[in-house]
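**Student:**
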Amino acid sequence: MHTLFKKIGIIGKSSDPGIAETLTLLYQFLQRCKYEVFVDIQSAGFIDEPDVKTCAAEEMGLHCDLVIAAGGDGTFLSAARAIAPYNIPLIGVNLGRLGFLVDISPDVLLVKLNQILNGAFREEKRFLLHTKIIRDNAVIHEQTAVNEVVIHRWITPSMIEIVTHIDGVFLNSQRSDGLIVSTPTGSTAYSLSAGGPILHPSLNALVLVPLNPHTLTNRPIVIDDSSQIEISFCQTKQINALVTCDHLEIPDVLISDKILINKDPKPIRILHPEGHDFYHILRKKLNWSSS
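Position 8 of the sequence shown, counted from 1, bears residue number 9 in the working numbering, the numbering being contiguous throughout.
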């Protein structure tokens, strides 16, 4: 049982005291199985056990060879960004509502987890986006995103005017409330609510989705995931824009700034229970084919 993993990290939704029961159950199970367990500092207070080993989420990859994220998709995204540089796998336990990424429910947690720890799993790699904000030819901010990078208008009633280049080639200029650049993973998140297509997670593709464009012929477009996307602004008056990478905000982006978005070279590794079916998840979460 211990040939695949020896040290396991737990990251929970630290803002929700309701996860205490599940975190304690998970921790006790792993302890009984003789794994060395590390708990995210923000979540450790929910576990009613003595001498719990803790570390910051960003340091899990230094101590563990597997991480379990317990919460909703937001918790999963935070955990994925934290461990992506370390090439260790991630398991998602769904304590939220919709949950496209966290696919193990608490009522079957120990059964499914036991199967995975014994080698009965399906591994999937999902790529991330790497974003740079360029000002005066210098990088002033960098961030990664699992789902999407979004450029929004911010503190202004007016639309923003966005110019997009793909691999140095002009794509379009648009007046809109913003633009979503989404991975296949993020195609079932904000992109979907904005009218973007659902992409299968295995596709090597990105989708660009305008937010409330002034011209209705500005439609979502799917491009190759190896593309470099450059976004700039063509306003004549100063405005502030907001860039978000998943739910992390980069405020005070100026019209003179450029935003460069590339596929990050390090993917995240997700372990699913055997029998994981993306189409089943779509039917269940989106209420397709219901009577």
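Backbone N, C-alpha and C fix where the C-beta goes; we use that ideal spot for every residue, glycine too.
According to DSSP, which residues form a beta bridge with N138?
**Tutor:** The residue given as residue 138 occupies position 137 in the sequence shown. N138 is not bridged to any residue.
**Student:** In angstroms with no decimal places, state the Cα-to-Cα distance between M2 and G120.
**Tutor:** For this step, residue 2 is matched to residue 1 along the sequence shown. For this step, residue 120 is matched to residue 119 along the sequence shown. Residue confidence for M2 is low, a pLDDT of 45 falling below 50, so the modelled location carries little weight and cannot support an answer.
**Student:** Tell me the rounded alpha-carbon separation between E162 and R284.
**Tutor:** Here residue 162 corresponds to residue number 161 of the sequence shown, with the count starting at 1. Here residue 284 corresponds to residue number 283 of the sequence shown, with the count starting at 1. Their backbone Cα atoms lie some 37 Å apart in a straight line.
**Student:** Fully enclosed by the stretch 136 to 222, which alpha helix (DSSP H) runs are 4 residues long or longer?
**Tutor:** Here the runs fully enclosed are 191 to 194.
**Student:** Go ahead and pull the three-state DSSP assignment for M2.
**Tutor:** As a working mapping, residue 2 is identified with position 1 in the sequence shown. Confidence is the limiting factor: at M2 the pLDDT is only 45, short of 50, which leaves the residue's position unreliable, though a coordinate-based value still follows. Here M2 sits in coil by DSSP.
**Student:** Is there contact here, the stretch 125 to 134 with the stretch 263 to 275, by at least three beta-carbon pairs under 8 Å?
**Tutor:** Taking 8 Å as the limit for Cβ pairs, the verdict is that the stretch 263 to 275 does touch the stretch 125 to 134.
**Student:** Roughly how many angstroms separate the alpha carbons of K8 and I48, rounded to a whole number?
**Tutor:** Your numbering for residue 8 matches position 7 in the sequence shown. Your numbering for residue 48 matches position 47 in the sequence shown. So the alpha carbons of these two residues sit roughly 18 Å apart.
**Student:** Would you decide whether N138 is buried or exposed? Buried here means 16 or more other CB atoms lie within 10 Å of its CB.
**Tutor:** Taking the sequence shown and counting its residues from 1, one reaches residue 138 at position 137. With fewer than 16 other Cβ atoms within 10 Å, it is exposed.
**Student:** In chain order, what residues of the same chain lie with their CB nearer than 8 Å to the CB of Y28, ignoring the 5 residues before and after it?
**Tutor:** Translated into the one-based positions of the sequence shown, residue 28 becomes position 27. Excluding sequence neighbours, Y28 sits near I11, V38, V40, I48, E50 and V53.
**Student:** Would you mind giving the Cβ-Cβ distance between L102 and D74, rounded to the nearest angstrom? I have them listed as a contact below 8 Å.
**Tutor:** For the purposes of this step, residue 102 is identified with residue 101 of the sequence shown, where counting begins at 1. For the purposes of this step, residue 74 is identified with residue 73 of the sequence shown, where counting begins at 1. L102 to D74, Cβ: 5 Å. Contact.
**Student:** Can you tell me whether H273 is helix, strand or coil according to DSSP?
**Tutor:** Taking the first residue of the sequence shown as position 1, residue 273 is located at position 272. It is a strand residue.
**Student:** Distance, Cα to Cα, A85 vs I251?
**Tutor:** Here residue 85 refers to the residue found at position 84 when the sequence shown is read from its first residue. Here residue 251 refers to the residue found at position 250 when the sequence shown is read from its first residue. Rounded to the nearest angstrom, the two C-alpha atoms are 20 Å apart.
**Student:** Given T76, which residues of its chain have a CB within under 6 Å of its CB, disregarding the five upstream and five downstream residues?
**Tutor:** Within the sequence shown, the letter at position 75 stands for residue 76. Counting only Cβ-Cβ distances below 6 Å, and skipping sequence neighbours, we find K14 and A70.
**Student:** Once DSSP output is grouped into helix, strand and coil, what is the label at I84?
**Tutor:** For the purposes of this step, residue 84 is taken as residue 83 along the sequence shown, with counting starting at 1. In the structure shown, I84 sits in a helix (DSSP, three-state: H, G or I).
**Student:** Is the number of C-beta pairs between the stretch 167 to 183 and the stretch 207 to 221 that are closer than 8 Å three or more?
**Tutor:** With a cut-off of 8 Å, the stretch 207 to 221 and the stretch 167 to 183 count as touching, because enough Cβ pairs lie within range.
**Student:** Can you give, in chain order, each stretch of the beta strand (DSSP E) that sits fully within the stretch 94 to 133 and has at least 3 residues?
**Tutor:** Runs found: 122 to 127.
**Student:** DSSP puts N263 in a beta bridge; with which residues?
**Tutor:** Taking the first residue of the sequence shown as 1, we reach residue 263 at position 262. According to DSSP, N263 bridges with H131.
**Student:** Mark L217 as exposed unless 16 or more other C-beta atoms lie within 10 angstroms of its C-beta, in which case mark it buried.
**Tutor:** Sequence index remark: in the sequence shown, residue 217 carries index 216 (1-based). Flag for L217 reads exposed.
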